[in-house]
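So the sequence shown is residues 1 to 274, counted in full-length UniProt numbering.
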Amino acid sequence: MNLKNKLKLLTEEKRGLLATNFYNLETLHGVLGAAQQTGDSIILQLTQSSIDYMGLNTAVAMGREGLKQFGVEGWIHLDHGGSVDLAQSCLDAGFDSVMIDGSELPFSENVKLTQEVVKRAKSYGAHVEAELGFVAKLGQSHAHNGFTQPHEAKQFVEETGVDALAISIGTAHGFYKEEPKLQIDLLKSIVAEVTEATFVLHGSSGVPESQLRTAIQNGICKVNLATEIKNIFMKTLQDILTQNEEIDLRKVFPKATNAVTELVKGKLNIVNNR
């Protein structure tokens with residue numbers, strides 16, 4: 001099933017689709033091990049920095065082979081693409097989906113940028129995600145452009161033809177200094193206005209389980225997870241390395257990989273309403 005149809009189906013079923021970033025072989029295997037054990041589908045996400053780190057073709061090949069090896073239904077997605085050129089490179093490399101993030105641009109410029117990527121993706125049969133409103137990144141104020149407005153979301157989707165829309169309803173990237181409070185009434189209003197796109201929640205790391213479940217019940221489908229994956233992998237690794245002098249990384253890394261698997265299994269149970 002292509003990603004657009006999968007997201008529509010899951011939205012109707014009031015279930016989510018977890019989208020996990022990976023950074024190396026170990027985090028990839030940690031994520032896929034979880035999906036294999038639960039029998040769930042998953043989106044594998046790559047950012048510009050991860051592509052720079054691993055190499056575009058290497059990263060895609062790792063993702064594709066991993067999905068095949070673990071027997072998991074999944075898709076490869078560009079997370080927070082910052083330019084048309086990057087989106088084009090990812091389309092050429094065989095990504096199933098690309099995000100173009102013009103959320104910090106004026107509305108009209110975000111529309112124009114997204115239209116261009118949607119046009120290019122069409123010939124590849126690729127899925128496109130955009131962002132409207134402001135989901136704060138590390139070091140940024142949460143109040144920059146405020147929450148996504150329903151009427152603007154409707155106009156944006158109609159003018160761009162985008163498949164999925166990341167919306168700002170109270171989340172932020174990175175860890176939270178205080179518990180986030182998702183604006184569920186705003187989410188309901190956006191969902192009521194927009195019928196031609198599915199909805200994405202960025203910044204799910206640290207959002208309480210009850211709020212995630214409520215968001216999915218009210219229209220969120222794609223749920224992004226990144227920060228918690230990096231954190232648990234590195235914290236586990238740091239703990240292991242302070243307790244022994246083992247130099248064989250093949251003996252050390254699996255414990256951190258297993259920690260990622262356990263984390264992601266829990267998230268998969270949440271988004272799949274178990």
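Even glycine gets a Cβ: it sits at the ideal position worked out from N, Cα and C. Here the structure is a predicted model, which means the values were calculated and not measured.
Contacting residues, own chain, Cβ-Cβ under 6 Å from residue i (five flanking each side not counted)
i	result
Gly203	Val135, Thr171, Ala172 and His173
Leu67	Gly74
Ala87	Gly81, Val98, Ile100 and Val117
Buried versus exposed, by CB contacts within 10 Å (16 or more), residue i
i	result
Asn21	buried
Tyr23	buried
Met62	buried
Ser49	exposed
Asp101	buried
Ser97	buried
Ala249	Residue identity check: residue 249 is Leu in the sequence provided, not Ala. So Leu249 counts as exposed.
Ile247	exposed
Gly55	exposed
Candidates the options: closest to residue i by CA position
i	options	result
Gly133	Asp92, Leu105 and Ser83	Leu105
Phe156	Lys122, Thr114, Ser123 and Tyr124	Thr114
Val200	Val128, Leu91 and Cys90	Val128
His77	Leu46, Asn2 and Glu228	Leu46
Gln69	Ile169, Leu25 and Asn57	Leu25
Val260	Ile51, Ser168 and Phe233	Phe233
Leu212	Leu17, Leu7 and Leu3	Leu17
Asn57	Leu44, Asp79 and Asp92	Asp92
Asn258	Thr242, Ala130 and Lys230	Lys230
Close Cβ partners of residue i (< 8 Å) along its chain, the five nearest in sequence each way excluded
i	result
Glu193	Pro150, His151, Ala153 and Lys154
Val84	Ile100, Leu113, Glu116, Val117 and Arg120
Val191	Phe199, Asn218 and Gly219
Own chain partners of residue i with C-beta closer than 7 Å, once the 5 adjacent residues on each side are dropped
i	result
Lys255	Thr236 and Ile240
Leu10	Gly16, Leu17 and Cys221
Residue i at chain D interface by Cβ criterion, 8 Å
i	result
Asn218	In the structure shown, chain D cannot be found, because there is only a single protein chain.
*Are there three or more Cβ pairs, one per stretch, closer than 8 Å when the segment 180-187 is compared with the segment 35-42?*
no
*Quick one: which unbroken alpha helix (DSSP H) runs of 4-plus residues sit fully inside the segment 196-266? Chain order, please.*
209-217 and 227-241
*Is the segment 158-171 touching the segment 111-123 in the sense that three or more CB pairs, one from each, lie closer than 8 Å?*
yes
*May I ask you to verify whether the segment 219-228 touches the segment 257-272, counting CB pairs closer than 8 Å and requiring at least 3?*
yes
_To test your reading of the DSSP string, which unbroken beta strand (DSSP E) runs of 3 or more residues are found completely within the segment 98-137?_
127-132
*Hey, which unbroken runs of the alpha helix (DSSP H) at 4 residues or more fall wholly within the segment 9-88?*
25-38, 48-54 and 56-70
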